[in-house]
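A quick write-up on the structure given underneath.
Number of protein chains: 2
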Amino acid sequence: TKKFTTLSISLWQNALKVGREDTRRVVHAVKVGVALTSVSFLYLLEPLFEGVGENAMWAVITVVVVLEFTAGATLCKGLNRGFGTLCAASLAFLIEFMAEKSGRIFRAVFIGISVFLIGFLATYLRFIPYIKKNYDYGVVIFLLTFNLITVSSFRIHNVLHLARDRLYTIAIGCGLCLLMSLLILPNWSGEDLHRFTVYKLEGLARSIEACVSEYFQEEAKDNKIIEENSFKGYRAVLDSKSTDETLATFASWEPRRHSRHCYRYPWQQYVKLGAVLRHFGYTAVALHGCLESEIQTPRSVRSLFRHPCMQVAGEVSKVLAELASSIRNRRHCSPDVLSKHLHEALQDLNSAIKSQPRLFLGSNNASANTNMLVDCRPDKFASSEVALPSVKTDISSILERRSKRVADKSTESAERKVLRPTLSQIMITSLEFSEALPFAAFASLLVEMVARLELVIEEVEELGRAANFKEFSGEDDIA
Amino acid sequence: TKKFTTLSISLWQNALKVGREDTRRVVHAVKVGVALTSVSFLYLLEPLFEGVGENAMWAVITVVVVLEFTAGATLCKGLNRGFGTLCAASLAFLIEFMAEKSGRIFRAVFIGISVFLIGFLATYLRFIPYIKKNYDYGVVIFLLTFNLITVSSFRIHNVLHLARDRLYTIAIGCGLCLLMSLLILPNWSGEDLHRFTVYKLEGLARSIEACVSEYFQEEAKDNKIIEENSFKGYRAVLDSKSTDETLATFASWEPRRHSRHCYRYPWQQYVKLGAVLRHFGYTAVALHGCLESEIQTPRSVRSLFRHPCMQVAGEVSKVLAELASSIRNRRHCSPDVLSKHLHEALQDLNSAIKSQPRLFLGSNNASANTNMLVDCRPDKFASSEVALPSVKTDISSILERRSKRVADKSTESAERKVLRPTLSQIMITSLEFSEALPFAAFASLLVEMVARLELVIEEVEELGRAANFKEFSGEDDIA
């Protein structure tokens, strides 16, 4: 019983969390309850029941199955169900008409064969990606209805009558669902997709800034919470593929409100933007990987580049935030969204890197290369010692971290570690690399990110054109 | 009609492709056809029809809805349907029992309220992620059955009888589906997940080698085909999240064959391995990004590092291939999977980078820095000129590529380009960066990849332990 109590408590907590995350879920649950109760009136109220009779069952089934969270999903299922039923009924009557005048045994065989063939074809059709994406449910309902009508036509003779009644009640059910999902507090998949796109852009903007500022922190914080926060923005972007596609599919079923011109709203452009954002996200995640890497440039060296890097990251995230706000307000983004500041920040980074030419050298032959400082004066030797602290500290801290990680694992895996002595050797070998190498990667990824930012801007502008966003006016900038 | 012809031709080609990609789909379609025909016999054959009567309808519905492509999906749906129906029937009878002795109006109100409450609760439950993942279909069926029984109990009095018959026919349908999917040419989700994991590892191995060898090619090939091929391996990994999770969910419903000990097969470990592989893939894709980057280290400079980099990539992909083959053969991977060769390759790369200290310097002050070659002799000046070709060529080739890209676009977007003059300025600014910077990023990502490889190996070993893979024996190496 104790286990049961814990289980029900955790279920209860989960349930509360689900509702708090998105109150529309509670509203949807109430809507389903109301729809089911009203469809039950077909049974419960005498005059209504006389009208539809036993077939009211199909209305109940339809409501349970069709009423979905968003208007697009409900429309998709409802229309699929309607058309599937209609097609199936027509085909079934055609087949009945063909088999009508033949003998009983021939009819049974004919029905069996047609059931097999239609079953085979419909199932095979469902594997075609285009049909799977848009009409999967319709094909299932087609198959279901076709089989029910064809097979019952063998025993019952006024099948036409039966099918008509069913179609009516299914129409009642679908109508109720559409009323509930389109007119009463509707949730639009399209809106969700729109908001999700804005959310992703904002998340990226926050994460990139957090990630870069963490890279240049004085002290390595063990704070997993900051880490998690800065990673959440990426995760939403990286795992967005299926969400984007589902939302876009449902959104394409939704009627467009708020638009005087009747045009297809470009939901697929959101999907394309999502793909470009994912690609941008891969670079961002690689940048984030520089934080977690086993091989690190010493913090004192990094801090030499702190200012220009922070500036570039700040400008990148400013651009992303501007793109997000332009999409949110359905307006074109500012034509000078790639501002002069970004340009200047890049130039600063450029000159900062050029001013430190000795960084790319391994530290073990540092004394031999002191003459490589741009002005080549031996009295700079001391300052070079300050800028290039011994790698030893970093090696030992990494080994410490590694041994802590190993200790966390079971003894079994510790044994396994012994079996692979080459591993830590490899780690240390990597550490002999020039200590600036990891920073060079960081800087290069940052520059690469700026280059990819251009692709994101292009897609957002494409979206703005395709969706007829309003023109950019400087006034929005203040808001 | 012409449009119709094109459409049907493309549909036909798509259908052929779907079948050719995976012949199990054709087999599955035939299986559905056979199952539907056999369930139709409940209607068509006199003695069978006398047994079940009109309720045979439920068997047909069950077969259409439950029979899925893999055994796991069928089991999941079938068991969900069975339990959902059972729970709903019990609850419905409980409610009927409570309302039995009251007046007609009170009963109608009572039924209405319970329909609303159960509808609300069931819909709300479906939002909880754990239930959504495993029992979504069961909850829908529960709601459906509960409503049908409760509402019909208002009119019909031997509901118990009716419900029992329905349960029987649903059981017949489910039984037929399970027979079809578990015993006759079954497709196991678990096997699919296993094979998909192997496929992902192999794809990564191939892609990394292709990517690195392309980076060091003498000539920039415009061959989009190679590009696509080397990217296919990443794509399968990057977009694997939902596939992995769906397959693992279904696999967890499947009974384990081939195992003498009754233990839960660790499908979730495959999902975890998938997540680690995705993370590895982000680094790999960033490496791939170095190919597409607008800012490039000149090929002649890159070629200085060709050999060690190719070696590291070769060793990494050898390790990945070994991991793939160990999973495929369900054996532990070789304890020295991180071989000495990888170690040596890293060391070679290390010394190659150290031997070229001048690379990190900007080329415009190259003459000032010639004395930075390790031996500092001015007569090395000439060779340095060979090693550091002018950046001009690269700038012009990139500008050429950019202008080609612009020309491809519509005039409208060309106009837009004019509106943003800072953009190409930024591109050129980036080019003033030390020309070794992009290569440093490439090398660093390569080293980072080796470090992440360790995490992949750990997860694979974890999988091997959890799934009781057989011990490693050197003999498999030859096969």
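Protein chains in written order, with the working numbering: chain V, 4 to 482; chain A, 4 to 482. Glycine residues also receive a C-beta, built at the ideal position from the N, C-alpha and C atoms. Remember, predicted model here, so these are calculated numbers, not experimental data.
For L196 of chain V, tell me which candidate among V:H164, V:V274 and V:L19 has the shortest Cα-Cα distance. V:V274
Is D247 of chain A close to chain V, meaning its C-beta is less than 9 Å from at least one C-beta of that chain? no
Residue-level contact to chain A via CB, G206 of chain V, 9 Å cutoff: no
Against chain V: residues of the segment 447–459 of chain A by CB proximity under 9 Å: S447, L448, V450, E451, V453, A454, R455 and E457
Just checking: is the beta-carbon of D139 of chain V within a distance shorter than 9 Å of some beta-carbon in chain A? no
So E462 of chain A is in the alpha helix (DSSP H); what residue range does that whole segment cover? L440 to A469
If we call anything under 9 Å between Cβ atoms a contact, is R281 of chain V one with V240 of chain V? yes
For R333 of chain A, does the three-state DSSP call read helix, strand or coil? coil
Where are the alpha helix (DSSP H) runs, 4 residues long or more, that stay fully inside the segment 17–95 of chain A, in chain order? 27–47, 49–55 and 59–69
Could you list which residues in chain A have their beta carbon closer than 7 Å to that of P441 of chain V, in chain order? S447
Counting contacts by CB-CB distance shorter than 9 Å, is D168 of chain V in contact with chain A? no
Starting from V63 of chain A, find everything on chain V with Cβ-Cβ shorter than 8 Å and list it in chain order. L147, N150, L151 and V154
Judging by CA-CA distance, which residue of A:L146, A:G292 and A:T200 is the nearest neighbour of A32 of chain V? A:L146
Please tell me whether A469 of chain V has its Cβ less than 9 Å away from any Cβ of chain A. no
Close-in-space but distant-in-sequence residues of the same chain around L181 of chain A (CB under 8 Å, 5 per side omitted): T77, L78 and G81
Using 8 Å for Cβ pairs, my map puts H335 of chain A next to S329 of chain A. What's the rounded Cβ distance? 6 Å
Within 9 Å (strictly less), CB to CB, does H31 of chain V reach chain A? yes
In chain order, each alpha helix (DSSP H) run of at least 4 residues that lies wholly inside the segment 157–212 of chain A: 162–181
Span of the alpha helix (DSSP H) holding G284 of chain V? W270 to E295
Using only the heavy atoms of the ligand SAH, determine whether one of them is closer than 8 Å to the beta carbon of V21 of chain A. The ligand content of the structure shown is nil, which means the ligand SAH is not present either.
Coarse secondary structure for K473 of chain V, derived from DSSP in three states: strand
In the DSSP assignment, the alpha helix (DSSP H) including D247 of chain A goes from what residue to what residue? K244 to A254
Decide if L458 of chain A is buried, meaning its Cβ has at least 16 other Cβ atoms within 10 Å, or exposed. exposed
Return no unless some Cβ of chain A is closer than 9 Å to the Cβ of M3 of chain V. The structure shown does not extend to residue 3 of chain V, since chain V is modelled only from 4 through 482, so no value can be given for it.
Does chain V have any CB closer than 9 Å to the CB of A410 of chain A? Its pLDDT being 43, under 50, A410 of chain A is placed unreliably in this model, and the value from its coordinates should be taken loosely. Not closer than 9 Å to any Cβ of chain V, the Cβ of A410 of chain A fails to qualify, so no.
When the Cα atoms are used, what is the spatial distance from F119 of chain V to V35 of chain A? 8 Å
Min CB distance P132 of chain V to chain A below 9 Å: yes
Measure from the C-beta of T286 of chain V to each C-beta in chain A and report whether the shortest distance is under 9 Å. yes
So, is the C-beta of L163 of chain V closer than 9 Å to a C-beta in chain A? no
G122 of chain V CB to nearest chain A CB: under 9 Å? yes
Could you give the first and the last residue of the continuous alpha helix (DSSP H) run that contains P258 of chain A? Run containing P258 of chain A: none; DSSP gives neither H nor E here.
State yes or no: is the beta carbon of N17 of chain A nearer than 9 Å to at least one beta carbon in chain V? yes
Using a Cβ cut-off of 9 Å (strictly closer), state whether T143 of chain A contacts chain V. At residue 143 of chain A the sequence reads Val, which differs from the Thr that was named. For V143 of chain A, the answer is yes, since a Cβ of chain V falls inside 9 Å of its Cβ.
Can you grab the Cα-Cα spacing for the pair A74 of chain V / L250 of chain V, in whole Å? 11 Å
Could one say the Cβ of Y268 of chain V lies closer than 9 Å to chain A's Cβ atoms, at least one of them? no
So which residues of chain V does A444 of chain A contact, with C-beta pairs closer than 7 Å? A443, A444, S447 and L448
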